[in-house]
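In the working numbering, the protein residues as written are 7 to 808.
Even for Gly, the Cβ is constructed at its ideal location relative to N, Cα and C.
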RNA sequence: GCGCCUGUGGCGGAAUUGGCAGACGCGCCAGACUUAGGAUCUGGUGUCCCCGACGUGAAGGUUCAAGUCCUUUCAGGCGCACCA
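Okay, here's the thing in structure tokens:
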């Protein structure tokens with residue numbers, strides 16, 4: 007019978023399900039292994055071919071671990087709150103719950119048809135009240151510990167989604183999701199103090215097996231910098247504190263700058279001689295959108311505060327005071343000392359407004375022409391007691407001088423801002439707090455969780471961006487859990503990142519009604535051993551969930567300080583034209599069509615063979631066919647199988663090498679070369695025209711994690727009625743992977759002149775002798791002087807002649 | 001602007017520590033089988049002035065030996081982007 011995948015793919019999916027083959031028990035003698043992929047957002051578009059790239063990769067790891075005797079947890083769930091569903095619901099006047107259910111059903115069908123070894127009994131859904139009860143519970147714990155606070159502050163307002171965004175969601179001044187312009191608005195928002203964890207989020211990366219790229223991106227995002235705060239006395243008598251990482255250049259400060267929003271400007275207002283000008287500048291700066299601020303970054307603007315000067319604490323010099331929006335109110339102290347000779351931004355500003363430029367670090371060209379910013383070498387000049395020191399010596403010297411005089415201190419700053427946690431949207435977790443005139447913000451008691459979403463008719467946000475929940479007036483009115491008086495519920499909901507910040511914990515014990523997960527399950531399964539997901543989540547989901555997990559660790563809920571031990575990332579699958587797949591480009595490949603035509607196994611095999619796992623690569627229907635053909639060749643091998651239950655003399659070494667290669671390559675996520683090795687092996691089998699039963703079964707076992715259905719089907723006729731998926735992973739004998747005779751290359755002056763078969767054990771000397779005895783080499787060397795002979799045993803000999 | 005990554009046949013891509021460049025697959029060419037082939041099997045396939053030489057974006061360098069290490073440079077991608 008031919009390779010008719012439609013006959014058996016569903017059959018095996020059903021068998022695995024019936025036998026509970028992939029159910030993970032929180033018990034037993036086996037070591038545990040928790041493999042996890044980022045759970046999908048069930049969009050209306052259905053599964054993208056990019057999803058299975060990640061899922062197949064970890065399915066291979068999960069299946070291999072099972073065969074190696076681990077108790078494996080490989081779960082799946084739905085990150086189902088969020089804007090696309092809500093927007094679809096608004097447009098089509100359907101409840102987002104219905105839309106979500108429909109989308110999940112479709113995703114589930116598609117994932118099941120691909121034969122992943124997920125434990126479907128542990129499926130979670132972030133929009134299920136039994137799930138978000140615990141999302142709310144965690145929020146209440148954060149609130150209780152002072153890590154959630156409400157603040158009126160300028161937020162990133164997406165004009166398209168009509169919703170506040172976190173800094174992480176604003177990309178190039180526009181909304182990450184819809185691409186609409188983002189403007190600044192003042193709004194009262196719930197905030198989470200992720201900044202409190204900034205240092206730990208950096209430090210604890212050291213012990214984790216994350217790919218370097220992820221570590222650096224997280225570190226850069228958190229943006230730690232070491233510097234000093236220095237106090238400048240203003241002529242008004244006020245203190246102006248600036249933050250600098252280059253306090254060594256203090257003698258080169260020629261002016262100081264406040265951000266336009268800085269409160270000190272208001273404080274000294276009466277002393278300003280040009281209030282109209284200053285006022286106009288502040289007005290203009292506040293109107294700039296995030297987009298304008300980034301796009302127009304190069305052109306410096308500003309206004310002087312006439313009538314006011316600042317005193318340089320190092321030399322008593324009187325310096326002009328300016329305001330400019332190149333100084334950010336949100337970073338450091340919102341005020342800087344400007345050293346145009348050694349900072350490019352200050353240089354540009356000084357040039358534009360004709361402010362003096364004074365060199366204090368020698369080593370550059372002309373600082374009147376270009377700022378010299380090199381920290382590595384350079385000696386201080388014109389700098390009082392620092393003169394003659396290197397930059398590296400001068401920084402600590404200046405800090406101790408400032409600290410001694412009480413004029414400044416060492417200071418560490420982070421770029422990371424607190425997390426804007428409020429969304430003025432319907433399809434999210436309600437924030438379980440009420441506002442009481444008497445008691446302020448009060449937490450709901452745990453017994454009232456989950457606080458479910460009220461049923462309302464329309465889900466649009468109000469024109470001014472108020473939450474759709476504002477319409478649920480009956481729901482809003484409640485009593486204060488504290489004093490019993492009248493109170494109102496919070497109408498903002500949580501961002502999509504809330505539910506995904508802890509879902510790995512719920513997988514450990516998904517049906518627990520007493521806790522987010524039982525402590526026994528948490529102890530047993532924590533942490534996630536291997537987590538694969540996209541690079542786009544490095545500064546959002548990955549950072550947020552590490553923060554929540556650390557908090558839960560601090561309050562004794564979880565047993566480990568980090569959630570994920572190992573993090574890898576897959577590259578994107580592009581369209582055949584090498585562009586990102588999108589409906590508008592018309593280059594989308596639908597997994598349903600692929601499976602229908604070539605089957606799940608061919609789809610999985612191709613996605614693993616397509617290229618280096620961590621690199622993006624274009625889809626190719628021809629390549630897919632090639633993998634289908636490979637599976638067909640494996641299938642047709644069944645007619646060449648002999649009864650022998652041992653490896654044949656011809657293939658014994660090949661089999662041991664193959665087991666080693668495939669196993670090692672899977673671990674390194676080099677799936678493409680593992681599959682290539684199996685292709686080579688079957689090419690050999692075909693050449694010989696026969697294969698023993700033992701050889702065939704080993705091949706099927708190695709291939710099973712990649713193409714589980716067809717290998718089960720083929721194994722059925724040789725097996726003992728048990729599933730191949732639960733068999734033992736084959737072992738190899740290191741000795742038997744070594745060849746007795748090996749080919750070495752003989753070069754003369756680096757050019758290959760001959761290839762020799764010699765026995766593997768030869769020493770360096772013996773290898774040399776064998777090489778020099780070759781006729782071809784004798785010929786090539788004739789009439790020349792042998793200067794040197796280099797021999798690498800087992801590899802090559804290079805004869806150097808003159 | 002800063003940081004990181006990638007450049008290898010017609011194409012996707014191989015090449016632990018510097019040690020046979022182009023594994024494996026696609027495509028292409030030829031042969032076998034066939035009424036037929038967009039099926040299957042077998043063989044071939046980097047380039048050229050083809051018993052030899054040249055070849056890993058470009059130019060230098062280190063080395064007996066460089067896709068791999070160093071310097072400069074070009075192209076593409078990703079991240080951050082006035083963070084003092």
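Asked                                                                                                                           : Found
Three-way DSSP call (helix, strand, coil) for residue 123 in this model                                                         : coil
Sub-8 angstroms separation of residue 691 and residue 614 beta-carbons                                                          : no
Best match in 442, 211, 741, 657 for proximity to residue 704 [C-alpha to C-alpha]                                              : 657
DSSP three-state assignment for residue 571, whether helix, strand or coil                                                      : coil
For residue 464, three-class secondary structure by DSSP                                                                        : coil
The segment 433-441 contacting the segment 398-417, beta-carbon criterion three pairs below 8 angstroms                         : no
Three-way DSSP call (helix, strand, coil) for residue 702 in this model                                                         : helix
Sub-8 angstroms separation of residue 52 and residue 113 beta-carbons                                                           : yes
Residue 387 versus residue 367: straight-line alpha-carbon distance, rounded                                                    : 6 angstroms
N- and C-terminal bounds of the alpha helix (DSSP H) containing residue 310                                                     : Premise fails: residue 310 lies in the beta strand (DSSP E), 309-317, not in any alpha helix (DSSP H).
Under the three-state DSSP convention, the category residue 436 falls into                                                      : strand
Runs of alpha helix (DSSP H) wholly within the segment 648-710 (minimum 4 residues, chain order)                                : 658-673, 677-694, 699-709
Own chain residues within Cβ distance below 8 angstroms of residue 451, not counting five before or after                       : 487
Own chain residues within Cβ distance below 7 angstroms of residue 554, not counting five before or after                       : 144, 507, 508
Neighbourhood of residue 543 by C-beta, 8 angstroms cutoff - its chain only, sequence neighbours within 5 removed               : 44
Local Cβ density within 10 Å of residue 391, reported as buried at 16 or more and exposed below that                            : exposed
Straight-line Cα distance separating residue 123 from residue 496                                                               : 41 angstroms
Check whether residue 81 and residue 128 have beta carbons under 8 angstroms apart                                              : yes
Residue 7 classed as buried or exposed, judged by whether at least 16 other C-beta atoms fall within 10 angstroms               : exposed
Rounded Cβ spacing between residue 493 and residue 485 (contact assumed at less than 8 angstroms)                               : 6 angstroms
Pair within 8 angstroms by beta-carbon distance, residue 134 and residue 30                                                     : no
Residue 519 versus 549, 416, 455, residue with shortest Cα-Cα distance                                                          : 455
CB of residue 687 within 8 angstroms of CB of residue 650, strictly                                                             : no
Close-in-space but distant-in-sequence residues of the same chain around residue 675 (CB under 8 angstroms, 5 per side omitted) : 63, 574, 619, 620
Top-ranked residue by Cα proximity to residue 757, from 736, 765, 787, 467                                                      : 787
Rounded distance between the beta-carbons of residue 529 and residue 522, thought under 8 angstroms                             : Not quite, the Cβ-Cβ distance comes to about 14 angstroms (not below 8 angstroms), so this is no contact.
Reference residue 490; option with closest CA among 306, 443, 194                                                               : 443
Given residue 561 as reference, the closest of 146, 100, 21, 646 once Cα atoms are compared                                     : 146
Straight-line Cα distance separating residue 136 from residue 682                                                               : 46 angstroms
Limits of the unbroken beta strand (DSSP E) element including residue 735                                                       : Residue 735 -> no beta strand (DSSP E), and no H or E assigned at all.
Whole-angstrom distance between residue 193 and residue 500, CA atom to CA atom                                                 : 15 angstroms
Straight-line Cα distance separating residue 244 from residue 531                                                               : 57 angstroms
Where the beta strand (DSSP E) containing residue 238 begins and where it ends                                                  : 230-240
Sub-8 angstroms separation of residue 257 and residue 406 beta-carbons                                                          : no
Beta-carbon proximity check, residue 730 vs residue 743, cutoff 8 angstroms                                                     : no
Distance between residue 429 and residue 891 (C-alpha atoms, nearest Å)                                                         : Given that the chain is displayed from residue 7 to residue 808, the structure contains no residue 891 and the question cannot be resolved.
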